[in-house]
């Protein structure tokens with residue numbers, strides 16, 4: 071049995087804490103809200119994020135940040151991308167020894183264009199960081215809590231650390247693979263949300279399966295091109311954190327990015343969508359970062375550019391699709407010559 075802290079009591083943080091508790095680990099789940107921590111401890115529920123789920127009795131919660139940080143030497147960071155730096159900065163006064171950090175967020179920081187592991191490295195010195203591990207893959211919290219078969223990947227430059235996290239999480243319904251391609255795993259995880267927003271728009275416009283199949287396929291080509299330009303391994307994008315996560319996020323009603331895109335395709339404004347969703351839609355922020363990163367790397371990403379125009383330049387979704395369809399003709403496999 072290991073002590074593990076999970077920071078962030080949203081749907082995914084709670085689902086991962088459940089996996090750890092089901093594996094008989096001593097897991098402490100941190101919430102920034104006193105009432106949410108109390109609900110988890112007394113009622114064994116988290117109604118806001120997982121309304122039909124009963125949490126394990128051995129899963130404990132706290133709203134005491136210092137207690138959460140000092141509770142264990144393994145800290146799982148399950149907060150939105152925009153909160154990563156703040157959470158890391160808040161940790162520093164309570165870190166008096168090296169800890170193993172696992173992040174499960176999916177995004178890229180606009181303007182700095184940093185991946186999440188890079189953000190953590192910048193905020194936490196090497197004197198308090200044993201290793202940084204990325205946990206990612208096709209995994210809806212709503213299905214994990216039902217113990218439906220799920221497969222994910224843990225990636226790190228430190229394979230001993232990756233294997234330790236693999237052992238902590240793996241069980242009969244939650245299968246964990248290891249990977250040493252941190253760049254590829256993080257880029258795939260972040261950019262699939264961009265393509266999922268676009269897939270939702272396609273569905274909202276009523277364009278059907280042909281259009282969505284094309285979007286997913288060409289979206290994978292875009293993600294791969296950008297990742298490879300940054301030093302990722304090509305085959306990572308055909309694994310769980312590339313193709314796998316892309317498929318599940320573009321096709322499931324559990325995907326908040328797909329749902330947001332669907333509302334946009336049906337005519338809602340971005341402001342209305344974000345207000346009605348009530349949860350972070352990572353793909354919106356990541357679209358801006360991906361657009362900036364594509365420009366910096368001089369990588370052609372037409373779907374990302376079209377989505378950016380819809381989100382931030384008020385281009386009509388149907389018009390954006392028309393522009394994509396009328397692009398200059400090209401060879402299908404031209405994008406894969408560098409693979």
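In this note's numbering, the protein residues as written are 71 to 409. Glycine included, C-beta positions come from ideal geometry on N, C-alpha and C.
Checklist entry - Thinking just about the alpha-carbon of each residue, which of 403, 384, 373 and 365 is nearest to the one in residue 341? => result 384
Item to check | For residue 144 and residue 168, believed in contact at Cβ under 8 Å, the rounded distance | outcome: Contact flag wrong, Cβ pair sits at about 11 Å.
Checklist entry - Can you find at least 3 beta carbon pairs, one from the region 281 to 294 and one from the region 330 to 350, that sit closer than 8 Å? => result no
Next on the checklist: Give me, in chain order, the residues of the same chain whose beta-carbon lies closer than 6 Å to that of residue 123; leave out the 5 immediate sequence neighbours on both sides.
Outcome noted: 215
Checklist entry - Which residues share a DSSP beta bridge with residue 172? => result 146 and 203
Next on the checklist: Quick check on the DSSP output: the alpha helix (DSSP H) that includes residue 378 runs from which residue to which?
Outcome noted: 372 to 382
Checklist entry - In the DSSP assignment, what are the bridge partners of residue 162? => result None; residue 162 has no bridge partner.
Checklist entry - Could you check where the alpha helix (DSSP H) with residue 76 kicks off and where it finishes? => result Note, residue 76: premise wrong, no alpha helix (DSSP H); beta strand (DSSP E) at 73 to 77.
Item to check | Nonlocal neighbours in the same chain, by C-beta distance under 7 Å from residue 302, ignoring five residues either side | outcome: 251, 253, 254 and 257
Item to check | Beta carbon of residue 170 nearer than 8 Å to that of residue 224 | outcome: no
Item to check | Limits of the unbroken alpha helix (DSSP H) element including residue 41 | outcome: Within the shown structure, residues of the chain are numbered from 71 to 409, placing residue 41 beyond reach of any answer.
Item to check | Of the residues 300, 294 and 175, the one placed nearest residue 307, counting alpha carbons only | outcome: 294
Item to check | Straight-line gap, residue 259 to residue 348 (C-alpha atoms, nearest Å) | outcome: 22 Å
Checklist entry - Does the pairing of the region 84 to 99 with the region 113 to 131 give three or more beta-carbon distances under 8 Å? => result yes
Checklist entry - Under a three-way DSSP split, which group does residue 138 fall into? => result helix
Next on the checklist: Restricting to runs no shorter than 3 residues, where is the beta strand (DSSP E) found entirely within the region 308 to 375?
Outcome noted: none
Checklist entry - With contact counted as at least three CB pairs below 8 Å, one residue from each stretch, are the region 233 to 241 and the region 179 to 195 in contact? => result no
Checklist entry - For residue 319, which residues of its own chain have a beta-carbon under 7 Å away from its beta-carbon, when the five flanking residues on both sides are left out? => result 262, 263, 266, 325, 327 and 328
Checklist entry - How about residue 150 and residue 352: are their beta carbons less than 8 Å apart? => result yes
Item to check | For residue 147 and residue 173, believed in contact at Cβ under 8 Å, the rounded distance | outcome: 4 Å
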